[in-house]
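Colleague: Chains as they are written, first to last, in the working numbering: chain W, 80 to 375; chain U, 247 to 657.
Just so it is clear, CB atoms sit at the ideal spot from N, CA and C, and this is done for glycine as well.
Only a predicted model underlies this, so the values are computations on that prediction, with no experimental measurement involved.
So that we are looking at the same thing, I have put the structure below in structure tokens.
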Amino acid sequence: MKKGNSRRSFIKNVSLATVSTIALSGCGSKAFEDFLQQNFRTLTKKEKDEIVKNLELKYKEQYGKEFHVSDEGAIDGTLFGYALDLSRCVGCRKCVYACVKENNQSRDPQIHWIEVLQIEKEKGIDFADSNVQYNPEKVPEKGYFYVPVQCQQCRHPQCTTVCPVKATWQEPDGIVVVDYNWCIGCRYCMAACPYGARHFNWGEPTVPAEEINTEMHYLGNRPRKKGVVEKCTFCIQRVRKGKYPACVEICPVGARKFGNLLDPESEVRYILENKRVLVLKQELNTQPKFYYFFGI
Amino acid sequence: MNFIRFITGSIRIVFHGSKTYFAWLTLLLILIIWGGLGYSEQLAHGLIKTHMRDSVSWAFYIGNFTFLVGVAAAAVMLVIPAYLYDWKPIKEIAIFGELLAVCAVIMCLGFIMVDIGSPLRFWHMLPLIGTLNFPSSMLSWDFFVLNIYLLLNLVVATYLLYCTFYKKEYKKSFVLPLVLLSIPMAVAIHTTTAFLYNALPGRIFWNSALLAPRFLASAFCSGPAIPLILFQILRKTTKFEIKDEAIWKIAELMVYAMFIYLFFTIAELFKEFYSGTEHLLYWKYLLFGIGDHKEIVPYSWASIIMGCIAFLLFLFPKTRRNFVTLNIGAVLIYGSVYVEKGIALIIPAFTPDVLGQIYVYTPSFTEIRTAVMIFSIGFLLFTFISKIAIAIVFEDYNIQSLNPKKERLPE
């Protein structure tokens with residue numbers, strides 16, 4: 080960086096800091112209301128609805144589009160589960176980018192909720208020898224198999240236990256969510272997660288206005304700010320409306336299955352009963368609701 | 247009213263001093279501003295200005311925090327031998343130990359604040375107005391014990407100085423229980439900090455029962471190094487009296503701690519290397535590097551070599567009783583534990599990360615500048631309060647000195 084540039088950016092920083100201080104001290108302003116907003120779980124239905132309405136207005140102003148932000152709760156009698164067929168996955172990463180788009184993940188700096196590991200077939204599932212940065216002309220490569228990893232939606236999540244401010248929790252339908260307005264950004268959950276499923280907004284996230292997904296959930300894909308943690312929510316904005324997660328829909332080889340674990344007729348239940356499944360890092364007793372299996 | 251006069255009297259001391267004193271203050275101020283400008287960039291652009299990323303999500307800041315918890319804990323522990331071996335100036339040792347602890351805890355909180363992604367939301371942790379996840383989260387425990395410890399030391403040290411200032415006898419029935427309470431609290435802050443890392447099953451490098459004992463041992467190696475040097479300076483420049491034997495005793499206690507630390511570490515290394523499981527990976531990264539990734543190796547070996555030299559210097563009575571070699575040893579062990587806590591404890595737990603990927607972390611310039619800012623603020627604070635303490639305890643600065651007719655301020 081050039082010297083003049085850093086001086087200019089310093090002046091910008093100082094003015095930014097001043098502006099935000101003024102914004103904060105100006106009582107009744109939006110920023111101040113944001114600052115004082117309480118933990119999502121302690122809010123009443125009325126307060127939630129008002130916050131959601133304000134968010135829709137704010138996003139409209141910001142992106143020039145109509146938005147729908149939902150604060151819908153879990154549907155009774157649902158516990159979401161996922162199954163991924165390792166014998167079908169070809170490592171194309173279509174799921175990674177479908178997820179980015181659906182969930183309004185930052186394009187720069189890049190955030191991916193799904194990471195696909197490439198591992199040599201003879202090694203078995205061995206993280207130490209896996210590679211995320213594989214980049215061949217064509218997938219799958221001979222001698223390799225692929226393990227996509229995202230939030231495993233543990234029944235015993237470590238991440239929610241360690242959070243010092245209760246900004247992350249497991250919903251009644253089993254989805255682990257984050258309140259982006261309450262997270263202080265200490266990243267203890269990231270240290271605790273054994274699957275690298277949590278991602279931090281190191282810088283101000285950017286999503287191009289023309290690509291933004293306007294169907295949102297408060298605990299899911301609404302735009303985040305810098306300094307907070309985010310993660311896969313099984314596409315909470317879709318699955319609570321009876322749709323499949325984006326990664327399930329996009330998968331070109333049908334390796335991804337999703338459904339209600341409490342429904343005996345669901346596809347995931349069929350897989351659990353008729354295939355042999357495994358979970359990652361079983362020895363840690365996190366009890367994921369994300370299963371891997373070999374379909375062929 | 248009396249207390250206000252004590253405070254104003256104390257503040258006046260801070261503004262009087264020799265040329266060297268003001269030169270030191272100027273230096274610290276320059277460092278604070280230089281570091282603060284670095285930190286302001288982080289505030290504006292986010293933690294992206296650091297070299298931390300999703301793979302290595304905790305690093306230098308949290309390492310410094312851990313180190314300073316050790317300093318805070320060890321400073322007060324000196325009260326035990328002072329009491330047991332009946333070193334004369336026990337009150338003075340308690341005061342300076344506790345003032346050091348206060349500054350160290352404040353620096354700890356500073357490092358937590360700069361490490362947080364949204365520092366303005368810090369109030370979410372406060373009881374009543376926030377939602378502190380107590381008792382589930384170890385971070386909430388740490389926050390709790392650190393603040394109690396800070397308060398405890400602040401109250402005791404202020405009370406002792408206040409009494410001396412007004413030439414009153416201090417109430418032993420008030421001070422002694424608090425001092426005695428601060429000793430288990432010192433152990434508590436360190437143990438809690440170790441537990442913070444310890445029980446995360448996904449982080450294999452930390453998931454060893456020896457982590458907390460090693461933590462404590464390493465804190466007691468390095469922590470007393472500051473008082474050790476401070477007491478020598480005070481002895482030369484003020485009326486503070488401490489026998490050579492007492493200083494040697496501190497050094498002797500440090501060498502026990504070093505031996506215990508060495509033993510714990512060897513036990514850990516033996517288990518890891520002899521069993522040779524996948525879990526060895528992290529130690530390998532720390533000591534030898536993995537493949538071409540050797541960036542952290544110089545840090546770990548520097549720490550080991552400094553620690554071993556210090557151990558030898560402290561072990562032999564001849565070098566332990568020679569003040570030149572003693573002080574060299576104190577600086578070396580301090581440096582060794584600083585690197586161990588700042589880098590070697592944190593980084594290998596994240597490299598390779600939980601999915602086996604290697605992201606090479608070394609601190610960014612912004613991180614170093616921010617750390618310099620916090621250390622300079624801590625030093626400045628310690629300079630101020632120890633100057634006040636020296637004036638009140640050793641230079642007979644008291645309530646009568648405030649009398650305008652007999653204006654007499656110590657240099």
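Under three-state DSSP, which class holds residue 217 of chain W?
Modeller: The residue labelled residue 217 of chain W in the question sits at position 138 within the first sequence. Coil at residue 217 of chain W, not helix or strand.
Colleague: Which bits of chain W does residue 600 of chain U rub up against, with CB to CB less than 8 Å?
Modeller: Position 354 of the second sequence, counting from 1, holds the residue named residue 600 of chain U. Correct list: 206, 272, 273, 274, 275.
Colleague: State yes or no: is the beta carbon of residue 105 of chain W nearer than 7 Å to at least one beta carbon in chain U?
Modeller: Start at 1 with the first residue of the first sequence, and residue 105 of chain W comes out as number 26. Reliability of the predicted coordinates at residue 105 of chain W is poor, the pLDDT of 49 falling under 50, and the value obtained from them is presented with this limitation in mind. Residue-level contact check: residue 105 of chain W does not touch chain U, since none of the beta carbons of chain U fall below 7 Å from its beta carbon.
Colleague: What three-state label does DSSP hand residue 261 of chain U in the structure shown?
Modeller: Position 15 of the second sequence holds residue 261 of chain U. Assignment of residue 261 of chain U by DSSP, reduced to helix, strand and coil, places it in the coil class.
Colleague: With residue 312 of chain U as the anchor, note down where its alpha helix (DSSP H) starts and where it stops.
Modeller: Here residue 312 of chain U corresponds to residue number 66 of the second sequence, with the count starting at 1. That run of the alpha helix (DSSP H) goes 306–323.
Colleague: Provide the residue span of the beta strand (DSSP E) that contains residue 335 of chain W, from first to last.
Modeller: One-based indexing of the first sequence puts residue 335 of chain W at position 256. Note, residue 335 of chain W: beta strand (DSSP E), 335–339.
Colleague: For residue 294 of chain U versus residue 282 of chain W, is the C-beta spacing smaller than 7 Å?
Modeller: Here residue 294 of chain U refers to the residue found at position 48 of the second sequence. Here residue 282 of chain W refers to the residue found at position 203 of the first sequence. Contact flag set, yes.
Colleague: Kindly say whether residue 367 of chain U, judged by its beta-carbon, lies nearer than 7 Å to any beta-carbon of chain W.
Modeller: Taking the second sequence and counting its residues from 1, the one referred to as residue 367 of chain U is at position 121. Yes, because at least one Cβ of chain W sits closer than 7 Å to the Cβ of residue 367 of chain U.
Colleague: Counting only the same chain and skipping the five closest in sequence on each side, list residues whose C-beta sits under 7 Å from that of residue 442 of chain U.
Modeller: Position 196 of the second sequence, counting from 1, holds the residue named residue 442 of chain U. If we look at residue 442 of chain U and ignore the five residues flanking it on each side, its Cβ neighbours are 384, 385, 388.
Colleague: Can you name the start and end residues of the beta strand (DSSP E) that residue 144 of chain W belongs to?
Modeller: Translated into the one-based positions of the first sequence, residue 144 of chain W becomes position 65. Premise fails: residue 144 of chain W is in no beta strand (DSSP E) and is neither H nor E.
Colleague: Give the straight-line distance between the Cα atoms of residue 105 of chain W and residue 252 of chain U, rounded to the nearest whole angstrom.
Modeller: Residue numbering aside, residue 105 of chain W sits at position 26 when the first sequence is read from its first letter. Residue numbering aside, residue 252 of chain U sits at position 6 when the second sequence is read from its first letter. Confidence at residue 105 of chain W is low in this model, with a pLDDT of 49, below 50, so the placement of that residue is unreliable and no value is reported for it.
Colleague: State buried or exposed for residue 523 of chain U, treating a residue as buried only when at least 16 other CB atoms are found within 10 Å of its CB.
Modeller: Within the second sequence, residue 523 of chain U is the residue found at index 277, counting from 1. Exposed, because fewer than 16 other Cβ atoms sit within 10 Å of the Cβ of residue 523 of chain U.
Colleague: Since residue 544 of chain U and residue 306 of chain U are thought to touch, with beta carbons under 8 Å apart, how far apart are those beta carbons, to the nearest angstrom?
Modeller: For the purposes of this step, residue 544 of chain U is identified with residue 298 of the second sequence, where counting begins at 1. For the purposes of this step, residue 306 of chain U is identified with residue 60 of the second sequence, where counting begins at 1. With 8 Å as the limit, residue 544 of chain U and residue 306 of chain U do not qualify as a contact, their Cβ atoms being about 15 Å apart.
Colleague: If we cut at 7 Å on Cβ distances, does residue 269 of chain W have a partner in chain U?
Modeller: Start at 1 with the first residue of the first sequence, and residue 269 of chain W comes out as number 190. Yes - at least one Cβ of chain U is within 7 Å of the one on residue 269 of chain W.
Colleague: Could you tell me which residues DSSP puts in a beta bridge with residue 277 of chain W?
Modeller: Here residue 277 of chain W refers to the residue found at position 198 of the first sequence. Looking at the DSSP assignment, residue 277 of chain W forms a beta bridge with W:310.
Colleague: Kindly list, in the order they appear in chain U, the residues whose Cβ is closer than 7 Å to that of residue 192 of chain W.
Modeller: Translated into positions along the first sequence, residue 192 of chain W becomes position 113. Those within 7 Å of residue 192 of chain W in chain U number zero; the least Cβ separation is about 11 Å.
Colleague: At a cut of 8 Å, does the region 183–190 of chain W reach the region 341–353 of chain W through at least three beta carbon pairs?
Modeller: no
Colleague: Consider the Cβ of residue 393 of chain U: report whether some Cβ of chain W lies at a distance smaller than 7 Å.
Modeller: For this step, residue 393 of chain U is matched to residue 147 along the second sequence. Answer no: the Cβ-Cβ gap between residue 393 of chain U and chain W never drops below 7 Å.
Colleague: Beta carbon of residue 298 of chain W, beta carbon of residue 256 of chain W: below 7 Å?
Modeller: Position 219 of the first sequence, counted from the first residue, corresponds to residue 298 of chain W. Position 177 of the first sequence, counted from the first residue, corresponds to residue 256 of chain W. For residue 298 of chain W and residue 256 of chain W, yes; Cβs fall inside 7 Å.
Colleague: Can you list, in chain order, the residues of the region 226–259 of chain W whose Cβ is nearer than 8 Å to any Cβ on chain C?
Modeller: This model lacks chain C altogether, as its protein chains are W and U.
Colleague: Just to make sure I have the definition right: I need the residues of chain W whose C-beta is within less than 7 Å of the C-beta of residue 591 of chain U. Which are they?
Modeller: As a position in the second sequence, residue 591 of chain U is number 345, starting the count at 1. Those within 7 Å of residue 591 of chain U in chain W number zero; the least Cβ separation is about 13 Å.
Colleague: Span of the alpha helix (DSSP H) holding residue 436 of chain U?
Modeller: Reading the second sequence from its first residue, position 190 is the one you call residue 436 of chain U. 418–444 is the extent of the alpha helix (DSSP H) around residue 436 of chain U.
Colleague: Measure the CB-CB distance between residue 591 of chain U and residue 575 of chain U and report whether it falls below 7 Å.
Modeller: On the second sequence, residue 591 of chain U is found 345 positions in, with the first residue counted as 1. On the second sequence, residue 575 of chain U is found 329 positions in, with the first residue counted as 1. For residue 591 of chain U and residue 575 of chain U, no; Cβs fall outside 7 Å.
Colleague: Flag this pair as touching only if the region 426–435 of chain U and the region 474–489 of chain U have three or more C-beta atom pairs under 8 Å; answer yes or no.
Modeller: no
Colleague: What do you get for residue 83 of chain W, buried or exposed, if any count of 16 or more other CB atoms within 10 angstroms of its CB means buried?
Modeller: Within the first sequence, residue 83 of chain W is the residue found at index 4, counting from 1. Reliability fails at residue 83 of chain W, whose pLDDT of 45 lies under 50, so the model's placement of it is uncertain and no value is given.
Colleague: Does the beta carbon of residue 426 of chain U fall short of 6 Å from some heavy atom of the ligand ADP?
Modeller: The ligand content of the structure shown is nil, which means the ligand ADP is not present either.
Colleague: Count the other C-beta atoms from every protein chain shown that fall within 10 angstroms of the C-beta of residue 359 of chain U, then say buried if there are 16 or more, exposed otherwise.
Modeller: Against the second sequence, residue 359 of chain U aligns to sequence position 113. With fewer than 16 Cβ atoms within 10 Å of its Cβ, residue 359 of chain U is classed as exposed.
Colleague: Can you give me the Cβ contacts of residue 249 of chain U inside the same chain, cut-off strictly under 8 Å, excluding the 5 residues immediately before and after it?
Modeller: Position 3 of the second sequence, counted from the first residue, corresponds to residue 249 of chain U. Within the same chain, 408 come within 8 Å of residue 249 of chain U by CB-CB distance, once the 5 residues on both sides are set aside.
Colleague: Using DSSP with H/G/I as helix, E/B as strand and the rest coil, what is residue 361 of chain U?
Modeller: Sequence index remark: in the second sequence, residue 361 of chain U carries index 115 (1-based). In this structure, residue 361 of chain U counts as helix in the three-state DSSP scheme.
Colleague: Could you tell me the alpha carbon to alpha carbon distance between residue 312 of chain W and residue 237 of chain W, rounded to whole angstroms?
Modeller: Translated into positions along the first sequence, residue 312 of chain W becomes position 233. Translated into positions along the first sequence, residue 237 of chain W becomes position 158. C-alpha separation (whole angstroms): 16 Å.
Colleague: Can you find the residues in the same chain that come closer than 8 Å, C-beta to C-beta, to residue 271 of chain W, ignoring five residues on each side of it along the sequence?
Modeller: For this step, residue 271 of chain W is matched to residue 192 along the first sequence. Cβ neighbours of residue 271 of chain W beyond the five flanking positions: 237, 238, 240, 241.
Colleague: How about the region 318–336 of chain W and the region 170–184 of chain W: do they share at least three Cβ pairs that are nearer than 8 Å?
Modeller: yes
Colleague: Step through the CB atoms of chain U and report whether any lies within less than 7 Å of the CB of residue 147 of chain W.
Modeller: The residue labelled residue 147 of chain W in the question sits at position 68 within the first sequence. Taking CB atoms only, residue 147 of chain W has no neighbour in chain U less than 7 Å away.
Colleague: Answer with buried or exposed for residue 549 of chain U, where buried requires no fewer than 16 other C-beta atoms within 10 angstroms of its C-beta.
Modeller: Indexing the second sequence from 1 puts residue 549 of chain U at position 303. If you draw a 10 Å sphere on the C-beta of residue 549 of chain U, you find 16 or more other C-beta atoms in it, and that means buried.
Colleague: Would the beta-carbon of residue 259 of chain U fall within 7 Å of that of residue 637 of chain U?
Modeller: Walking along the second sequence from the start, residue 259 of chain U turns up at place 13. Walking along the second sequence from the start, residue 637 of chain U turns up at place 391. Their beta carbons are under 7 Å apart, which means residue 259 of chain U touches residue 637 of chain U by this criterion.
Colleague: Counting only Cβ-Cβ distances shorter than 7 Å, please list the residues of the region 283–316 of chain W near chain U, keeping chain order.
Modeller: 283, 305, 306, 307
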